[in-house]
Amino acid sequence: KSHELIKIRVLGDDRTARAGLIDAICTQLEAAAVQHIGKILVIFRPRPDDAPAPRTADTAAGKKNTGTLARRPRPRNAPRRTKRSFQSS
Numbered sequence: 659k660s661h662e663l664i665k666i667r668v669l670g671d672d673r674t675a676r677a678g679l680i681d682a683i684c685t686q687l688e689a690a691a692v693q694h695i696g697k698i699l700v701i702f703r704p705r706p707d708d709a710p711a712p713r714t715a716d717t718a719a720g721k722k723n724t725g726t727l728a729r730r731p732r733p734r735n736a737p738r739r740t741k742r743s744f745q746s747s
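When we follow my numbering, the leftmost residue of the sequence shown carries the number 659, and every step to the right adds one.
Here you go:
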């Protein structure tokens, strides 16, 4: 219940029924209609202030978020690894 942008796929072919459906959904969820393209409806609902920040896959697995990946610097005398060096002949 903390999503801000919500995409909804509607299976009906009637355009007026989809317009009525997006209005009903927006009033039910206290949201605003963003766009209606074909059978995809996009609505916006602001996140509640007391909702926690969304969890990523790493934080959900208990891993520490280090920002960027740490890489060892290549020694100066080591040759560069090119695309061809990975290809086997």
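Note that beta-carbon positions come from the ideal geometry of N, C-alpha and C, so glycine has one too.
Keep in mind that this is a model prediction, so the values were computed, not measured.
query: Going by DSSP, name the residue or residues bridged to I683.; result: Bridge partners of I683: none, in fact.
query: Taking the beta carbon of L699 as the centre, do at least 16 other beta carbons fall within 10 Å, making it buried, or is it exposed?; result: buried
query: Around the Cβ of I701, are there at least 16 other Cβ atoms within 10 angstroms (buried) or fewer (exposed)?; result: buried
query: Count the other CB atoms, across all protein chains shown, that sit within 10 Å of the CB of R676; report buried if there are 16 or more and exposed otherwise.; result: buried
query: Buried or exposed: I680, going by 16 or more other Cβ atoms within 10 Å of its Cβ?; result: buried
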